[in-house]
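Q: After the structure tokens below, expect a handful of questions from me.
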Amino acid sequence: MEDILVERNASGVVTLTLNRPHHKNAVTFPMWNELQRIFQEVSNSTTDRVLVITGSAPAFCSGADLSTGGVPDGHPLHGMGPVNAAANALHEVTKPTIAKVNGVAVGAGMNLALGCDLIVAGESARFSQIFVKRGLSVDFGGTWLLPRLIGVHKAKELALFGDVISAQDAAEIGIVNRVVADSELDKFADDWAERLAAGPPLAMQQTKKMLSNAFSQSLSEALDAEASAQTVNLVSEDTREGIKAFLEKRPPKFEGR
């Protein structure tokens, strides 16, 4: 699909680029299905280690394409199926995910970024839960993500007003991990992606899953999950390699086994 570009490098970094620059990378309904497929493909791959999501300049993603009225043929609830499936598939990606926000990220585009594990934004990036200004309620997981990231009251402020906020403001309220100069965005995101790709896949996948489940578990349940994860790690080749590399005072080489 020309509207979505996928590139892979030798380190295991997968870069997904929304490629409708003249429409600020607005997502069409066929694209939701393709996003779901790509997310599942990366999750199931034995060679993909990190997923980076970005958009073709000058935008990250302006949300769903509303140029045709916003709904496909048939009942609107049925039309939301591919949107929800893509959001859920992103949440279930087992590998670390990075949103590289290089322009506006609004509506479902903002929530696409929020659905990633990490967000790196250029200083000119802008964010908005713009749904309310289009007569819509929040979707693509925003009602689940926002309260967990910034608290219920701040989430309601963003969702009910739909104001545009700067990358720096987004960082200050806990939405964005890093804000860098636009000219440094690619370099910074590439560095993070390569560092994650060099990490221990099994251990990181388990850590990601446990952190994602944190708000639905008791401390006792979290401790049990940690014990199970460490049991898997301690019989893995990666942990043996990590300990050996520590003793030999050299960087470890993790293979995901």
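Per my numbering, the sequence shown runs over residues 60 to 316.
Think of the CB as a built atom: it goes at the ideal place given N, C-alpha and C, for glycine as much as any other residue.
What is the rounded straight-line gap between the Cα of K312 and the Cα of D249?
A: 19 Å
Q: Compute the Euclidean distance between the alpha carbons of K268 and A281, then round it to the nearest angstrom.
A: Going from the Cα of K268 to the Cα of A281 covers about 11 Å.
Q: Any idea what DSSP makes of I97, helix, strand or coil?
A: helix
Q: Along the chain, where does the beta strand (DSSP E) that runs through G181 open and close?
A: 177-181
Q: Under the rule that 16 or more other beta-carbon atoms within 10 Å means buried, what is Q188, buried or exposed?
A: buried
Q: My guess is that P141 and Q95 are in contact by the Cβ rule of under 8 Å, so how many angstroms apart are they, rounded?
A: 7 Å
Q: Measure the alpha-carbon distance for T76 versus Q227 and round it to whole angstroms.
A: 23 Å
Q: How is the beta strand (DSSP E) around G301 delimited, first residue to last?
A: Here G301 belongs to no beta strand (DSSP E); instead the alpha helix (DSSP H) covers 296-306.
Q: Check whether the segment 284-293 and the segment 169-178 are in contact - that is, three or more C-beta pairs closer than 8 Å.
A: Between the segment 284-293 and the segment 169-178 there are fewer than three C-beta pairs closer than 8 Å, too few to call the two in contact.
Q: Hey, quick one: how far does the beta strand (DSSP E) through V72 stretch, first residue to last?
A: 72-77
Q: Examine the Cβ distances between the segment 211-224 and the segment 70-89 and report whether three or more of them are shorter than 8 Å.
A: Cβ pair count under 8 Å is below three, so no.
Q: Please report how far the alpha carbon of F199 lies from the alpha carbon of L110, in whole angstroms.
A: 18 Å
Q: Give, in chain order, every unbroken run of the alpha helix (DSSP H) that is at least 4 residues long and sits entirely within the segment 162-243.
A: 167-173, 201-209, 211-220, 226-231
Q: Considering only the beta carbon of each residue, do D107 and G71 sit closer than 8 Å?
A: yes
Q: My understanding is that T113 touches T74, with C-beta atoms under 8 Å, so please give their C-beta distance in whole angstroms.
A: Indeed they touch by this definition, with Cβ atoms about 7 Å apart.
Q: So the alpha helix (DSSP H) T266 belongs to, where does it begin and stop?
A: 260-271
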